[in-house]
């Protein structure tokens, strides 16, 4: 969901302190727009008890400043609760926050509420649960005496940019949201000697371009923006929201050359890194085994934790420091792995990518802001391998190591000028065998489940078992089948882990009672593919025009075997339910007291 405003204040779990926020008059370069209070036709589309009357973002590239103005009308008591706080995030290492106005418009009167001393500054560390720290602060003003019908209007400026980008700027401006807004206004002032590229995504909105003092201005104005309803289960790479893309970066080559400066190739290895390289050379005769050893070390021995403050939002730490502290984020771990592999004589490069939008990045203008993750490409024996050093418990040989379906990325190497398509590198497969043994028709039965996981499915299951108590795992597995059978008891849970082949096997044993419930005077048993059925959910809107997300990669076979108390004779049935983008088949075989139902999905 893309919303216009979001404020989550975890006051009990973050650092909070009183600190005056600077106030200042409106900057001279800002365009002042009138606020229309008369329109009401979008009020019925509002949520959370308030509606946005305007949202403005004005950018001055020469002054490294961004001006924001917002106004919202309170419609209900819920709106009083949800709209009465003003909050702004900023990075104190390179941004300066100044508020220009905070006011309440009520019954034709203007009530000024701007007082820099009343703000509280909170260090929330919103990504702490993901072991990431960026040092951002949040300035919060809790407004007094807010009433239904009030209009809350405020404006502020942020001055300063992250120096890691070398003075270049890029941004995306959304033009539709999941909430309505009565007016949108964007402006960008570009000084002489600098230029931007503009690209529209799913919108025909064109800028008004004017000569301005010392440069050129671009303006976009949308007077009425109704809410946008987005269907469920969209692929992450598909972005349905219209937007304006703007960038000073002219090509992916420029982005690549910028990134090369963040990941400089080391000269002679420091002693601590060289000691590891020499140990792997002694222990593993082949380069393939040495690559696996280096990857496994960085994955399992260097924990994932990022101190991403200032330039370290994108610039990795020195590999020697990463090894010494034994922690780092994705770019730290990738840089360390590349350095170790180069020490082994293996060609290795960082790969910048977006974990959500994946191949959708190809629709974007070139800029570093198009990436949120860093991994590694390895060239060995004429082949390209991709590794994610932030994943733990990956096992198997070089050809067994899975790589998430990231689809596309920028391989940071000298001379690269474009994005690279990344083929699927994952032997993920799940085979489930569910054996029901019915000694008679009393309803008593045994259920034996054997699940065999390979590829990334084995990695995920291994990680899950190593980080969860056995009793909790047994409870989770029991609850899964208890959703289908009311009277089910877990007898035992076992697993086998073959790290050499990266195969993980889980065995479950259950006792069922009342397995033959009566319905309309006869006993019956309802069966369906329990596991495959769990990933195939029918969308609510069958007339959709947008793509539907399916589990991928998914190679699954589920076999349900029934040992019945009576002879059912011979039975044979085949069905195919395949469609665009997936294959799904069903086979049923029966002979005597044995019936086997086989479901294949990929």
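Residue numbers (our numbering): 65 to 666.
Backbone N, C-alpha and C define an ideal beta-carbon position, used for all residues, glycine too.
Contact set for residue i: own chain, Cβ-Cβ below 7 angstroms, skip 5 residues either direction
i           : result
residue 477 : 413
residue 504 : 629
residue 72  : At residue 72, the pLDDT of 33 sits below 50, so the modelled position is not reliable; the number obtained from the coordinates is stated separately. No residues qualify anywhere along the chain.
residue 467 : 450, 451, 452, 489 and 490
residue 228 : 375, 377, 378 and 379
residue 350 : none
residue 424 : 301, 302 and 303
residue 142 : 112 and 113
Extent of the continuous beta strand (DSSP E) to which residue i belongs
i           : result
residue 165 : 160-170
residue 322 : Segment 316-326 is the alpha helix (DSSP H) holding residue 322; no beta strand (DSSP E) there.
residue 216 : 215-223
residue 186 : 184-187
residue 670 : The structure shown has nothing for residue 670, since the chain only spans 65 to 666.
residue 275 : 272-276
residue 122 : 114-124
residue 176 : 173-176
residue 132 : 129-138
residue 437 : 437-444
residue 279 : 279-286
residue 413 : 411-417
residue 203 : 201-206
Beta carbon of residue i nearer than 9 angstroms to that of residue j
i           : j           : result
residue 600 : residue 297 : no
residue 668 : residue 199 : The chain is shown only over 65 to 666; residue 668 falls outside these bounds and no answer can be derived.
residue 624 : residue 543 : no
residue 322 : residue 473 : no
residue 94  : residue 122 : yes
residue 749 : residue 291 : What is shown of the chain runs 65 to 666, which leaves residue 749 out entirely.
residue 126 : residue 224 : no
residue 99  : residue 219 : no
residue 117 : residue 213 : no
residue 405 : residue 411 : yes
residue 368 : residue 454 : yes
residue 355 : residue 397 : no
residue 241 : residue 289 : yes
residue 603 : residue 299 : no
residue 205 : residue 86  : no
Cβ-based burial, residue i [other Cβ within 10 Å; buried from 16]
i           : result
residue 626 : buried
residue 251 : buried
residue 591 : exposed
residue 598 : exposed
residue 540 : exposed
residue 588 : exposed
residue 645 : exposed
residue 526 : buried
residue 67  : Residue confidence is low: residue 67 scores 49 on pLDDT, short of 50, so the model does not pin down where it sits. Its coordinate-derived value is still stated next. The residue is exposed, with fewer than 16 neighbouring Cβ atoms inside 10 Å.
residue 722 : Only positions 65 to 666 of the chain appear in the structure, and residue 722 is not among them; the question remains open.
residue 272 : exposed
residue 567 : buried
residue 193 : exposed
residue 236 : buried
residue 434 : buried
residue 320 : buried
residue 643 : exposed
residue 632 : exposed
residue 470 : buried
residue 33  : Past the boundaries of the shown model lies residue 33; the chain is included only from 65 to 666, so the question cannot be answered.
Sequence-distant residues of the same chain with beta carbon closer than 6 angstroms to residue i, five excluded per side
i           : result
residue 650 : 639 and 663
residue 263 : 309 and 429
residue 595 : 496 and 622
residue 558 : 571
residue 131 : 94, 122 and 221
residue 464 : 566
residue 648 : 641, 642 and 665
residue 552 : 545, 546, 574 and 576
Residues near residue i by beta carbon distance below 8 angstroms, same chain, minus five either side
i           : result
residue 703 : Any property of residue 703 remains undetermined from this structure, which presents the chain solely from 65 to 666.
residue 524 : 517
residue 563 : 459 and 460
residue 408 : 341, 344, 345, 351, 354, 355 and 358
Span of the alpha helix (DSSP H) around residue i
i           : result
residue 264 : Note, residue 264: premise wrong, no alpha helix (DSSP H); beta strand (DSSP E) at 261-265.
residue 254 : Taken as a continuous stretch (DSSP letters only), residue 254 belongs to no alpha helix (DSSP H), being part of the beta strand (DSSP E) at 248-255.
residue 142 : 141-147
Mind pulling the beta strand (DSSP E) runs of 3 or more residues that sit fully within the region 628-660? 635-640 and 648-655
Can you check the region 466-549 for any beta strand (DSSP E) of at least 3 residues that lies completely inside it and give the ranges in chain order? 472-475, 493-501 and 509-518
Extract the residue ranges of the alpha helix (DSSP H) inside the region 336-397, only unbroken runs of 4 or more that lie entirely within it. 351-365 and 383-389
Minimum length 3: unbroken beta strand (DSSP E) runs contained in the region 558-599: 567-577
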